[in-house]
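K.L.:
Residue numbers (the numbering used here): 64 to 595. Glycine residues also receive a C-beta, built at the ideal position from the N, C-alpha and C atoms. In this text the structure is predicted, and so the values were computed from the model without any measurement.
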Amino acid sequence: MGPDVSWWRGAVVYQVYPRSFADGNGDGVGDLAGIESRLPYLRDLGVDALWINPWYVSPMADGGYDVADYRAIDPVFGTLWDAERLIRAAHRHGLRIIADIVPNHVSDRHPWFRAALAAAPGSPERARFHFRDEPNNWRSRFGGPAWTRLGDGQWYLHLFDAAQPDLNWDHPEVRAEFEAVLRFWLDRGVDGFRIDVADRLVKEAGLPDRPVRETGAPGFGSDGPRPQPDKDRPEVHGIYRAWRRVLDEYPDRAFVGEMWVTDPDRFAMYLRPDELHTAFNFAFLKCAWDAGALREVVDRTLATHAGVGAPPTWVLSNHDVTRHATRYGRADTGFVKRVHDVPSDRALGVRRARAAALLSMALPGSAYVYQGDELGLPEVFDLPAAAREDPVFRRTGGADLGRDGCRVPLPWGGDAAPFEFGAGGSWLPQPADWRDLTAARQLGDPASMLSLYRLALRVRRGEAALGDGPMRWLDLGEGVLGFARDPGFACVVNLSGRPAALPEGAPLVASAELGGPAGRLLPPDAAVWLRT
Ligand code: NOJ
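(1) Let me confirm a value: Leu571 is counted as buried when at least 16 other C-beta atoms fall within 10 Å, else exposed. Which label applies?
(2) Using 10 angstroms around the beta-carbon of Asp67, count the other beta-carbons present and answer buried if the total reaches 16, otherwise exposed.
(3) Measure how close the beta-carbons of Ala556 and Leu565 come, nearest whole angstrom, since I'm counting them as under 8 Å.
(4) If distances are taken between C-alpha atoms only, which option among Gly91, Gly252 and Asn167 comes closest to Leu222?
(5) Whole beta strand (DSSP E) runs in the segment 216-254 with 3 or more residues, listed along the chain?
(6) Label Arg212 either buried or exposed according to how many other C-beta atoms from any shown protein chain fall within 10 Å of its C-beta, with 16 as the threshold for buried.
(7) Just to check, is the beta-carbon of Tyr597 closer than 7 Å to a non-hydrogen atom of the ligand NOJ?
(8) Relative to the C-alpha of Arg363, which candidate in Ala346, Phe546 and Ala510 has its C-alpha closest?
(9) At a threshold of 7 Å, does His156 count as lining the ligand NOJ (C-beta to nearest heavy atom)?
(10) Relative to the C-alpha of Val130, which candidate in Ala479, His234 and Asp163 has its C-alpha closest?
(11) Between which residues of its own chain and Arg524 is the CB-CB distance below 7 Å, once the five residues before and five after are set aside?
(12) Quick one, which of Leu348, Ala480, Ala331 and Pro228 has its alpha-carbon nearest Val169's?
(13) Could you check whether Trp71 and Ala317 sit closer than 8 Å to each other, using their CB atoms as the reference points?
(14) Using a threshold of 7 Å, is the CB atom of His382 nearer than that to any non-hydrogen atom of the ligand NOJ?
(15) Quick check on Val361: buried or exposed, where buried means 16 or more other Cβ atoms within 10 Å of its Cβ?
(16) If I follow the unbroken alpha helix (DSSP H) through Gln505, where does it start and stop?
(17) Go ahead and label Phe247 buried or exposed: buried means 16 or more other beta carbons lie within 10 angstroms of its beta carbon, across all protein chains shown.
(18) Roughly how many angstroms separate the alpha carbons of Val324 and Ala581, rounded to a whole number?
(19) Counting pairs of Cβ atoms below 8 Å between the segment 452-459 and the segment 196-215, do you hit three or more?
(20) Would you check if the distance between the CB atom of Thr389 and the CB atom of Gly372 is smaller than 8 Å?
(21) How far does the beta strand (DSSP E) with Leu544 in it extend, from its first residue to its last?
(22) Comparing the CB of Phe223 with every heavy atom of the ligand NOJ, is any distance shorter than 7 Å?
(23) For Trp536 and Phe546, I'd like the C-alpha separation in whole angstroms.
(24) Given this structure, state the Cα-to-Cα distance separating Leu446 from His382, to the nearest angstrom.
(25) Could you tell me which whole alpha helix (DSSP H) segments of length 4 or greater appear in the segment 542-593?
(26) Use the C-beta contact count for Gly284: other C-beta atoms within 10 angstroms, 16 or more gives buried, fewer gives exposed.
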């Protein structure tokens, strides 16, 4: 048998946050028709697959991560018919579709939870959730307690918003239901699933208190001391083994897990050959813009994944974190939790984001692009409070501005908001200076972020034939990251603060103008791909 060249081992996956991608019907909110209309853009960008954040029927208490019906599309996005058409159209454009499955919790409007509310304490309807007469000390990931009290005195558990009751995964009906939901979408042609909070489904029996109370603002950056009773329980792996058996009935499908599990050995357990195919690499996302730290993360990532034969992923941003073009322009470039009162040097952030794009697409494995990163969009901090929708903002009393600032609708063209996002405004206001960042404007500028992404993705797929495979470090001096891949490819990233001499090789793509008389000097905070 030759090497495994399954698509998911080396895919570049573009994350579509549907509310903010493109609005086809002019109601100010993105939708499936909008996505379909922009498929040519995505094909020409050169990505391989789209991960679409939840599109299901939802009251949108958490941007769609509160699902009321897993087998239907929310009317704001379209219909099931539209979803089936989008899947087919994407496939015609050579793009795979990864749906988002949300198994830890449902919406409080889900029929199961409504039935549980209508039923008595101790009823079978309540057994699908975690109802208790007394709460424990767990905190919601969005701030505040993880328990809400009902009129009859019982409390229910929600690790996120009160509108997102946690399911009881010890219940056989819960397990059977999600396997059926997987099949429902596999039968409609989706190529895989992104699994929301994949590490938290199973809770420790008896729901004991957390040993140490969480301190500080809640967020996505840390998973606290371990072991914890509400995450990464060993029994969760049985769920993914069962899911893998379902997926394996369909050819060429793949899972990507969302686990904020920092211990590499525990993380790797989810990627064993009979569990998930891939998982988001948040260690890379959180890493500071520092050569030593990045090299360490890359080494650790490669070792962790090699142990289980899974391809690494390289993730810079998503819909939950501060956009990296903003993070990288700060004095402290690492991501621990969202902060909003810290200055960022826009030019420096963009420069580093360009270099980081080349780094992430050259490393072995699969890479993720969050919508708008290919336009170099910054985080938006000055949204009016009344426009903010993220429950994090509300539950922390505004101490954490939440995630709306990375979810502002995309600027596609034109000189004024909503920048061709749609015909009817945009659900979050776009900054006026995004007129210089529209896709249309960037397409005409060979020096733009969009042109860099398009060129890099073409080279990645074409002459450099990157994707999964081995790499070896090159010794290029302090602060300079360099690695080679066969056949005849090298990537150099200069984090040293002074120009770095390039090793031999003809430049294929560079994130900045090369310097020196022969064009052999790589400026600081820049990256280049070489044919060697
Ligand atoms: C992780 C998702 O990425 C985030 O957006 C959501 O709020 C939580 N899971 C809860 O579903």
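P.N.:
By the coordinates alone:
(1) Walking along the sequence shown from the start, residue 571 turns up at place 508. Residue burial annotation: Leu571 is buried, with at least 16 other C-beta atoms found within 10 angstroms of its C-beta.
(2) Mapped onto the sequence shown, residue 67 falls at position 4. By the neighbour-count rule (16 or more Cβ atoms within 10 Å), Asp67 is not buried but exposed.
(3) Locating residue 556 in the sequence shown gives position 493, counting from the first residue. Locating residue 565 in the sequence shown gives position 502, counting from the first residue. Residue identity check: residue 556 is Val in the sequence provided, not Ala. Actually they do not touch by this definition, with Cβ atoms about 12 Å apart.
(4) Numbered from 1 along the sequence shown, position 159 holds the residue referred to as residue 222. The residue from Gly91, Gly252 and Asn167 with its alpha-carbon nearest to that of Leu222 is Asn167.
(5) Segments of the beta strand (DSSP E) lying fully in the segment 216-254: 218-220.
(6) The residue given as residue 212 occupies position 149 in the sequence shown. With fewer than 16 Cβ atoms within 10 Å of its Cβ, Arg212 is classed as exposed.
(7) Given a span of 64 to 595 for the chain in the structure shown, any question on residue 597 remains unanswerable.
(8) Here residue 363 refers to the residue found at position 300 when the sequence shown is read from its first residue. Checked all of Ala346, Phe546 and Ala510; the closest Cα to Arg363 is Ala346.
(9) Working through the sequence shown from its first residue, we reach residue 156 at position 93. For His156, the shortest C-beta to heavy atom distance toward the ligand NOJ is 7 Å or greater.
(10) For the purposes of this step, residue 130 is taken as the residue at position 67 of the sequence shown. Residue Asp163 is the option with its Cα nearest to Val130.
(11) Here the question's residue 524 lines up with position 461 in the sequence shown. Closer than 7 Å at the Cβ level, and outside the excluded window around Arg524, lie Gly109.
(12) For this step, residue 169 is matched to residue 106 along the sequence shown. Val169 has its Cα closest to that of Pro228, out of Leu348, Ala480, Ala331 and Pro228.
(13) On the sequence shown, residue 317 is found 254 positions in, with the first residue counted as 1. On the sequence shown, residue 71 is found 8 positions in, with the first residue counted as 1. For Ala317 and Trp71, yes; Cβs fall inside 8 Å.
(14) Position 319 of the sequence shown, counted from the start, is the residue given in the question as residue 382. A distance criterion of 7 Å places the beta-carbon of His382 in contact range of the ligand NOJ, judged by its closest non-hydrogen atom.
(15) Locating residue 361 in the sequence shown gives position 298, where the first residue counts as 1. Its Cβ being crowded by 16 or more others within 10 Å, Val361 is buried.
(16) Sequence index remark: in the sequence shown, residue 505 carries index 442 (1-based). DSSP places Gln505 inside the alpha helix (DSSP H), whose first and last residues are Ala502 to Leu506.
(17) Residue 247 sits at position 184 when you count from the first residue of the sequence shown. So Phe247 counts as exposed.
(18) For the purposes of this step, residue 324 is taken as residue 261 along the sequence shown, with counting starting at 1. For the purposes of this step, residue 581 is taken as residue 518 along the sequence shown, with counting starting at 1. Taking the CA atoms as reference points, Val324 sits about 46 Å from Ala581.
(19) Below 8 Å, enough C-beta pairs join the segment 452-459 and the segment 196-215 to call them touching: three or more.
(20) Translated into positions along the sequence shown, residue 389 becomes position 326. Translated into positions along the sequence shown, residue 372 becomes position 309. Not closer than 8 Å, so no.
(21) Translated into positions along the sequence shown, residue 544 becomes position 481. According to the DSSP assignment, Leu544 belongs to the beta strand (DSSP E) that extends over Val543 to Arg548.
(22) Mapped onto the sequence shown, residue 223 falls at position 160. Result yes, Cβ under 7 Å from the ligand NOJ.
(23) For the purposes of this step, residue 536 is taken as the residue at position 473 of the sequence shown. For the purposes of this step, residue 546 is taken as the residue at position 483 of the sequence shown. The alpha-carbon atoms of Trp536 and Phe546 are separated by roughly 4 Å.
(24) For the purposes of this step, residue 446 is taken as the residue at position 383 of the sequence shown. For the purposes of this step, residue 382 is taken as the residue at position 319 of the sequence shown. Cα to Cα, Leu446 sits roughly 16 Å from His382.
(25) Qualifying alpha helix (DSSP H) stretches: none in this window.
(26) The sequence position of residue 284 within the sequence shown is 221, counting from 1. Note that Gly284 scores 46 on pLDDT, short of 50, meaning its location in the model is unreliable; the coordinates nonetheless yield the value given after this. Gly284 should be labelled buried.
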